[in-house]
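A.B. asks: Using this note's numbering, you'd call the opening residue of the sequence shown number 132 and step up by one each time.
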Amino acid sequence: MIPLSYNKADRPCFREYQQDQTSQKKYLDFLRAWLKDKDYIAMAYMTGILPVKKYGSHSALNMFMEYSMTDPGNLAEYFGFTEREVSVLCEKYEMSFDDVKTWYDGYKFIVHRQSGDEYFSMYSPKSVVEAMLRHKFGTYWNQTETYEALKTYIQMDMDGLQNAIVRMLAGESIKVNVGTFSNDMITFATKDDVLTLLVHLGYLDYDGTKEMVSIPNKEVAQEYVNVISTMNWHGVADSVESSRKLLEALWEGDADAVAAGIEKAHDEISILQYNDENSLSCTINLAFYFAREYYTIVRELFTGKGFADVCMIPRKRYVDKPAIVIELKWDKSAVGALDQIKEKQYGNALKDYQGNLLLVGINYNKTTKKHECVIETMHK
132 MIPLSYNKAD RPCFREYQQD QTSQKKYLDF LRAWLKDKDY IAMAYMTGIL
182 PVKKYGSHSA LNMFMEYSMT DPGNLAEYFG FTEREVSVLC EKYEMSFDDV
232 KTWYDGYKFI VHRQSGDEYF SMYSPKSVVE AMLRHKFGTY WNQTETYEAL
282 KTYIQMDMDG LQNAIVRMLA GESIKVNVGT FSNDMITFAT KDDVLTLLVH
332 LGYLDYDGTK EMVSIPNKEV AQEYVNVIST MNWHGVADSV ESSRKLLEAL
382 WEGDADAVAA GIEKAHDEIS ILQYNDENSL SCTINLAFYF AREYYTIVRE
432 LFTGKGFADV CMIPRKRYVD KPAIVIELKW DKSAVGALDQ IKEKQYGNAL
482 KDYQGNLLLV GINYNKTTKK HECVIETMHK
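#1: When you compare only the Cα positions, how much space is there between L166 and A175?
#2: Touch check for the segment 295-308 and the segment 380-399: three-plus C-beta pairs under 8 Å?
#3: In chain order, what residues of the same chain lie with their CB nearer than 8 Å to the CB of P515, ignoring the 5 residues before and after it?
#4: Apart from the five residues just before and just after Y254, which ones in its own chain have a Cβ nearer than 7 Å to its Cβ?
#5: Determine whether the beta carbon atoms of L417 and V456 lie at a separation below 9 Å.
#6: Let me know if I393 comes out buried or exposed under the rule of 16 or more other beta-carbons within 10 Å of its beta-carbon.
#7: Could you check where the alpha helix (DSSP H) with H331 kicks off and where it finishes?
#8: Quick test of the definition: if touching needs 3 or more C-beta pairs under 8 Å, does the segment 197-212 touch the segment 328-342?
#9: Would you grab the beta carbon distance between K239 and S258 for me? Rounded to a whole angstrom, and I think it's under 8 Å.
#10: Measure how close the beta-carbons of A422 and I428 come, nearest whole angstrom, since I'm counting them as under 8 Å.
#11: Would you please state the rounded distance, in angstroms, between the beta carbons of L329 and Y271? I believe it to be under 8 Å.
#12: For G247, does the count of other Cβ atoms within 10 angstroms reach 16, so buried, or fall short, so exposed?
#13: First and last residue of the beta strand (DSSP E) that includes F210?
#14: Please identify the residue among E424, C413, S464, V242 whose C-alpha is closest to the C-alpha of K119.
#15: State yes or no: is the beta carbon of K475 nearer than 9 Å to at least one beta carbon in chain C?
#16: What do you get for T327, buried or exposed, if any count of 16 or more other CB atoms within 10 angstroms of its CB means buried?
#17: Look up C504 in the DSSP assignment and give the residues it is bridged to.
#18: Please report the straight-line C-alpha distance between S243 and E249, rounded to a whole angstrom.
#19: Can you give me the start and stop residues for the beta strand (DSSP E) that Y254 sits inside?
#20: Run through the DSSP bridge pairs and tell me what C442 is partnered with.
#21: Taking the alpha helix (DSSP H) that S228 falls in, what are its first and last residues?
#22: Quick check on L172: does DSSP put it in helix, strand or coil?
#23: Nearest-angstrom Cα distance between I296 and D160?
#24: Put V297 into one of helix, strand or coil per three-state DSSP.
#25: Within this structure, are the beta carbons of S154 and K447 separated by less than 9 Å?
#26: Could you have a look at H266 and say whether DSSP puts it in helix, strand or coil?
#27: Given a threshold of 16 other Cβ atoms within 10 Å of its Cβ, counted over all protein chains shown, does A173 qualify as buried or as exposed?
#28: How big is the Cα-Cα spacing for V89 and E214?
#29: Which of the three DSSP states is assigned to Y238 in this structure?
#30: Exposed or buried, what is H189 when buried is set at 16 or more other beta-carbons lying within 10 Å of its beta-carbon?
#31: For W461, name the three-state secondary structure that DSSP assigns.
#32: Grab me the residues of S360's own chain with a C-beta within less than 6 Å of its C-beta, minus the 5 sequence neighbours each way, in chain order.
#33: So the candidates are K376, T499, Y484; which of them puts its Cα closest to the Cα of K511?
#34: Quick one: give me the first and last residue of the beta strand (DSSP E) that V344 is part of.
#35: Taking only the alpha-carbon atoms, compute the straight-line gap between W90 and T499 and give it to the nearest angstrom.
#36: Short check: CB of L556 to CB of K322, under 9 Å?
What follows is the structure in structure tokens.
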């Protein structure tokens, strides 16, 4: 009896020859005939990016136990570097763990055990190793793939796909059904199938508990920005590009410039339907995209009372920057938004914060279609 190890089992047909379905089926038939119920096989271990191809709702190789990015099972901690392993490397190479987390963290896995659930925060090994050896943070993971693949999938004509991508770029999570994905790179019935493929390719993180996807980290987000800059999503790309100046205007307390910048972002991002606090929040997050360079951004939960919070907490190396609380109002008043911040004592995200604060009230008037902004500086 022999043990079998087969690396990149999906590459020969499903990634290199995506359209050749006849060869794909023959390939799977060969693997099944070679491996299933054979006395000479002690065990078989296969790896690949894609799960095994499904025909209907069934796997073509149902003799395997499958572990994937959407369901890693008890192998979750082996899908990359764990937070503990990365922390040790940061100490050894004298690199900022906070920065490594910003650049390369974001893949969240859960292992369900009899003793209770265990949570893992996973990092791309290649990216972490490159950053340590070069002693510089950058986009290293994407050098193993081409962004042309990402470009192909996010510009597909699927209802709601572009909207979902823009919302995730703004920091939101999107509900997704991963169960309809056929485990190949050409069969897409809905936007959920495209988003599920992006999970398997590493371009999205999947929260199995909430059944939601999001862009995992700064490194991958930069890949989306690179791709969008080459497409006809000019409004999105322009908003990201303008976000540096908008953040500087906010630091300077220039309320008129901030209102004008948000107005510009709203006009440019035509993909989004602008009809409630949620879409206003998405526009704000995209308009202040560059703030992620300096801040950890926390979105407070909606309360159903017509407002939403965006809290920006300075990263450790930027403690000289003020923390920021932005309160959003829809067809009410910016002054009322500012009062709301004070009533709530600046939100849960900043309850332990000590330092300079910028309180920002923003309102969108749906009659005049104008934004107004009020900024107040204080020390907490």
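Beta carbons: idealized from backbone N, C-alpha and C, even for Gly. All of these numbers come straight from a predicted model, not from anything done at the bench.
C.D. replies: Once the coordinates are examined:
#1: Counting from 1 along the sequence shown, the entry for residue 166 is found at position 35. Counting from 1 along the sequence shown, the entry for residue 175 is found at position 44. Approximately 8 Å between the Cα atoms of the pair.
#2: no
#3: Absent from the structure is residue 515, since the part of the chain shown begins at 132 and ends at 511.
#4: Along the sequence shown, one-based indexing puts residue 254 at 123. Correct list, in chain order: G211, F212, V217, Y235, D236.
#5: Against the sequence shown, residue 417 aligns to sequence position 286. Against the sequence shown, residue 456 aligns to sequence position 325. No. Outside cutoff.
#6: Looking up residue 393 in the sequence shown gives position 262. The residue in question, I393, is buried, as its Cβ has 16 or more Cβ neighbours within 10 Å.
#7: Position 200 of the sequence shown, counting from 1, holds the residue named residue 331. The continuous alpha helix (DSSP H) containing H331 extends over residues 322-331.
#8: yes
#9: Sequence index remark: in the sequence shown, residue 239 carries index 108 (1-based). Sequence index remark: in the sequence shown, residue 258 carries index 127 (1-based). Their Cβ separation, rounded to whole angstroms, is 17 Å, which puts K239 and S258 out of contact at 8 Å.
#10: Reading the sequence shown from its first residue, position 291 is the one you call residue 422. Reading the sequence shown from its first residue, position 297 is the one you call residue 428. Right, their Cβ atoms sit about 7 Å apart.
#11: Taking the sequence shown and counting its residues from 1, the one referred to as residue 329 is at position 198. Taking the sequence shown and counting its residues from 1, the one referred to as residue 271 is at position 140. Actually they are not in contact, since the Cβ atoms of L329 and Y271 sit about 19 Å apart, beyond 8 Å.
#12: Taking the sequence shown and counting its residues from 1, one reaches residue 247 at position 116. Burial call: exposed.
#13: As a working mapping, residue 210 is identified with position 79 in the sequence shown. Note, F210: premise wrong, no beta strand (DSSP E); not H, not E.
#14: Summary: the structure shown does not reach residue 119, with the chain confined to residues 132 through 511, and so no result is reported for it.
#15: You won't find chain C in this structure, because it holds only one protein chain.
#16: For the purposes of this step, residue 327 is taken as the residue at position 196 of the sequence shown. It is buried - the Cβ of T327 has at least 16 other Cβ atoms within 10 Å.
#17: Position 373 of the sequence shown, counting from 1, holds the residue named residue 504. DSSP, once it has assigned bridges, lists I493 as partnering C504.
#18: As a first step, residue 243 must be located in the sequence shown, where it is residue number 112. As a first step, residue 249 must be located in the sequence shown, where it is residue number 118. Residue identity differs from the one stated: residue 243 is His in this sequence, not Ser. Between H243 and E249, the C-alpha separation is close to 6 Å.
#19: Position 123 of the sequence shown, counted from the start, is the residue given in the question as residue 254. 247-254 is the extent of the beta strand (DSSP E) around Y254.
#20: Residue 442 sits at position 311 when you count from the first residue of the sequence shown. Answer is V429, V456.
#21: On the sequence shown, residue 228 is found 97 positions in, with the first residue counted as 1. One detail in the question is off: residue 228 reads as Phe in this sequence, not Ser. Run containing F228: 228-235, per the alpha helix (DSSP H) assignment.
#22: Your numbering for residue 172 matches position 41 in the sequence shown. Residue identity check: residue 172 is Ile in the sequence provided, not Leu. Three-state result, I172: strand.
#23: Locating residue 296 in the sequence shown gives position 165, counting from the first residue. Locating residue 160 in the sequence shown gives position 29, counting from the first residue. Take the alpha-carbon of I296 and the one of D160: they are about 37 Å apart.
#24: Taking the first residue of the sequence shown as position 1, residue 297 is located at position 166. If DSSP states are grouped into helix, strand and coil, V297 belongs with the helices.
#25: Residue mapping note: residue 154 aligns to position 23 of the sequence shown, counting from 1. Residue mapping note: residue 447 aligns to position 316 of the sequence shown, counting from 1. Not a contact, by the Cβ cut-off of 9 Å.
#26: Reading the sequence shown from its first residue, position 135 is the one you call residue 266. In the structure shown, H266 sits in coil (DSSP, three-state: anything other than H, G, I, E or B).
#27: For the purposes of this step, residue 173 is taken as residue 42 along the sequence shown, with counting starting at 1. By the neighbour-count rule (16 or more Cβ atoms within 10 Å), A173 is not buried but exposed.
#28: This structure gives no information on residue 89, because the portion of the chain shown stretches from 132 to 511.
#29: Position 107 of the sequence shown, counted from the start, is the residue given in the question as residue 238. DSSP places Y238 in the strand class (E or B) of the three-state scheme.
#30: Position 58 of the sequence shown, counting from 1, holds the residue named residue 189. Caution is warranted here: a pLDDT of 48 is assigned to H189, below 50, making its placement in the model unreliable, and the coordinate value is therefore given only provisionally. So H189 ends up on the exposed side.
#31: One-based indexing of the sequence shown puts residue 461 at position 330. Strand.
#32: Numbered from its first residue, the sequence shown carries residue 360 at position 229. Within the same chain, S360 has close Cβ partners A368.
#33: As a first step, residue 511 is located in the sequence shown; it is residue number 380 there, counting from the start. Of the candidates K376, T499, Y484, Y484 places its Cα closest to the Cα of K511.
#34: Position 213 of the sequence shown, counting from 1, holds the residue named residue 344. V344 -> beta strand (DSSP E) spans 343-345.
#35: Since the first residue shown for the chain is 132 and the last is 511, residue 90 is missing from the structure and cannot be characterised.
#36: Residue 556 lies beyond the range of the chain shown here (132 to 511); nothing can be said about it.
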